[in-house]
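For this note's numbering, add 163 to where a residue sits in the sequence shown, where the first one is 1.
Note that CB positions come from ideal geometry on N, CA and C, so glycine has one too.
Worksheet: the structure to be examined is printed underneath.
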Amino acid sequence: MSFRNPSPHFTLAHQPRIHELMPIFLQNLAITIRGLQIARVRYTSHFRRTLEELERSVHGPLEALHELQRQRLVGLVDHARANVPFYRDLPPPSDARDPLEAIERTLKNIPPLDKNTYALQPEAFRARNISRRRLIRDVTSGTTGTALTLWQTPERVAEKYATVWRQCRSFGVQPRDPHFSFGGNVVAPRSQTRPPFWRRNAYGRQTLFSVFHMSPANLPSYIDAMHRIPARYAQGYPSALHLIARAMLDAGRPLPRGRFAAVFTSSESLLAFQRDAIEEAFGAPARDYYSSSENLVAMSECAARRLHLDMEFGIAEVEPEEETDAYVRGPLLLTGLGNEAAPLFRYRIGDIGRRAKDPCPCGRPGVTFLAVDGRDDDYVVTPDGSLVGRLDHLFKDQVDVAEAQILQETKDAIEIQLVPRPGYGDDSRERLLAQIRSRLGDDIGVTIRRVEAIAREPNGKFRAVKSRPGRKLR
Ligand SMILES: [Zn+2]
């Protein structure tokens with residue numbers, strides 16, 4: 164099982180070999196068999212039990228969630244001290260009676276763990292009392308940065324899918340409902356030039372659309388297929404779902420309202436303008452989900468558009484950099500609750516969270532985040548050395564731009580590649596330039612280049628900013 168694409172929904176990991184000479188029905192068969200194998204790993208009795216528990220605990224009381232967190236944290240610290248070489252000298256967990264106090268004291272005694280520290284010695288984090296043969300091992304291969312070796316127990320994997328399905332089932336969607344996927348899998352040979360650019364996992368009742376063939380010339384065939392093939396929900400990368408949503412709206416062919424229960428996005432931040440287009444085109448609410456390859460925490464977005472930490476599954480602390488009455492913002496420190504295979508405490512994942520101070524208006528108790536940023540994109544560096552992140556606002560009001568990507572080789576200049584929509588003209592260009600100048604200043608060189616399509620990363624993800632001087636460790 165691979166966690167290379169942390170898209171939690173039904174990613175078909177370890178590709179079946181799609182050979183371009185293979186007839187499409189055989190490709191579909193290979194994908195179906197893989198779908199069956201994956202379902203067997205994920206949807207186990209442990210999955211069903213955990214999902215039942217999660218659906219009970221979601222409405223609180225909050226004290227019960229804190230007590231559950233305390234128990235799981237204490238158990239994990241004891242386990243790490245006994246079985247994990249890196250944590251052999253960890254202080255014992257706090258025995259304070261109040262759960263919140265116990266959690267806080269226990270964590271305070273553990274220094275934060277940097278990604279690099281882990282990446283250089285992953286073996287030191289592997290629990291010695293669990294047979295290697297029982298573990299699911301994966302090596303992530305990001306587009307940049309260091310490869311990470313990760314271990315999980317099968318139970319931990321099932322628990323993650325239980326958090327995914329708690330969110331899905333709140334929309335009345337069930338695991339065997341027909342659905343569309345727009346994830347990172349290579350489902351059609353890259354050399355293919357004619358539809359279908361999708362394949363069928365008949366077992367999972369899943370239609371997998373290729374995110375690598377979404378050029379303007381091919382998109383009409385996607386739209387036809389989406390109108391024709393039955394589905395109750397869609398899931399995938401927001402960038403890909405946004406692109407198809409835009410194309411549907413441009414063609415005047417949104418999906419009939421009510422046909423889809425929801426659209427579930429993951430792996431990249433769901434940006435406001437993407438959400439608007441997706442909800443309009445699919446006629447259904449879009450909901451984000453946050454997790455990472457390390458599988459330490461999960462967060463599920465609610466109707467109030469906040470990310471709820473799935474507290475049964477992990478702890479997310481914020482290293483405060485900015486604080487207001489409404490939120491505290493800073494790098495996230497993640498502690499997984501339950502991965503006995505390789506416990507990680509206070510892991511500095513590299514993402515920035517904005518944790519809300521007030522209870523969520525949706526009524527679900529517990530920790531919520533207003534946003535988690537920086538999952539995939541680099542910063543733009545300005546000539547004076549400032550780092551500028553979250554540049555999605557640049558394109559927010561650019562309704563005549565289908566997609567755009569910022570490329571930066573040196574800190575003196577950027578290039579913007581954009582895919583224009585009908586209506587894009589000199590005015591649009593001027594508006595965009597004004598937006599850029601207001602955020603990046605007048606000293607940086609800006610080139611705008613119109614392109615047919617923007618290339619995806621090898622894992623199918625879209626990166627809004629690719630900057631050599633502003634690259635982050637991934
Ligand atoms: Zn909420």
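When burial is assigned at 16 or more other CB atoms within 10 Å of the CB, is residue i buried or exposed?
i	result
T573	exposed
P186	exposed
R362	buried
S348	Rather than Ser, the amino acid found at residue 348 in this sequence is Asn. Buried, because 16 or more other Cβ atoms sit within 10 Å of the Cβ of N348.
F188	exposed
T356	exposed
A627	buried
L581	buried
S601	exposed
R319	buried
C525	exposed
S463	buried
E475	buried
D451	buried
P506	buried
P583	buried
A435	exposed
P401	buried
E480	buried
For residue i, I'd like the list of residues in its chain whose CB is within less than 6 Å of its CB, leaving aside the five on either flank, ordered along the chain.
i	result
N364	I194, T195, G198
T306	Residue placement at T306 cannot be trusted, given a pLDDT of 42 that sits under 50; the coordinates are not used to answer.
M389	none
T207	A321
N246	A290, R291, N292
R300	W314
L298	W314, A504
C523	A467, R469, T531
Whose C-beta lies closer than 7 Å to the C-beta of residue i among residues of the same chain, with five residues either side of it excluded?
i	result
P494	E482, R511, I515
L533	R469, Y490, R517, A519
E230	P262
Q369	F173, G198, H342, S344
P585	D413
P254	N272
P632	V544, Q571, T573, K574
P169	At P169 the pLDDT is 40, less than 50, meaning the model places this residue with poor confidence and gives no usable figure here.
E599	The sequence as given places Ile at residue 599; Glu does not occur at that position. So the qualifying residues of the chain are L557, V609.
V551	Y542, V543, T545, R602, L603
E484	R492, G493
Using CA coordinates, which residue listed in the options is at the minimum distance from residue i?
i	options	result
I407	R422, S378, V491, R518	S378
P256	G548, L270, Y250, L311	L270
R329	V221, A403, W314	V221
K278	D590, L313, C523	L313
E457	L214, L276, P248	L276
Y453	I441, L472, G446	L472
R205	F427, A449, R295, P338	P338
A504	V240, L184, L217	V240
Y542	A410, G513, G529	G513
P358	G346, R235, I386	I386
F625	G346, L595, F249, S384	G346
E566	Y324, D536, R612	R612
L311	A287, L225, Y281	Y281
R634	I569, P583, R296, A435	I569
Y366	I201, G588, I617	I201
A394	D340, G415, A444, H376	D340
D563	R527, R268, L595, D536	L595
L283	T213, N622, F249, G477	F249
Can you pull the DSSP bridge partners for residue i?
i	result
R296	Bridge partners of R296: none, in fact.
I478	T498
D451	T428
Y490	A519
Q398	S344, F427
R353	According to DSSP, R353 bridges with nothing at all.
G608	A576
R511	D277, L496
R422	Partner(s): none; R422 has no beta bridge.
M185	Answer by DSSP bridge pairing: none, since M185 is not bridged.
For residue i, which residues from the same chain have a beta carbon less than 8 Å from its beta carbon, with the 5 sequence-adjacent residues on both sides left out?
i	result
D258	A265
T610	A576, I577, E578, I579
Is the closest heavy atom of ligand 1 to the C-beta of residue i under 7 Å?
i	result
R469	yes
C331	no
T326	no
T531	yes
Confirm the yes/no value for this check: CB of residue i, any heavy atom of ligand 2, distance under 7 Å.
i	result
R527	As far as ligands go, the structure on display features ligand 1 and does not contain ligand 2.
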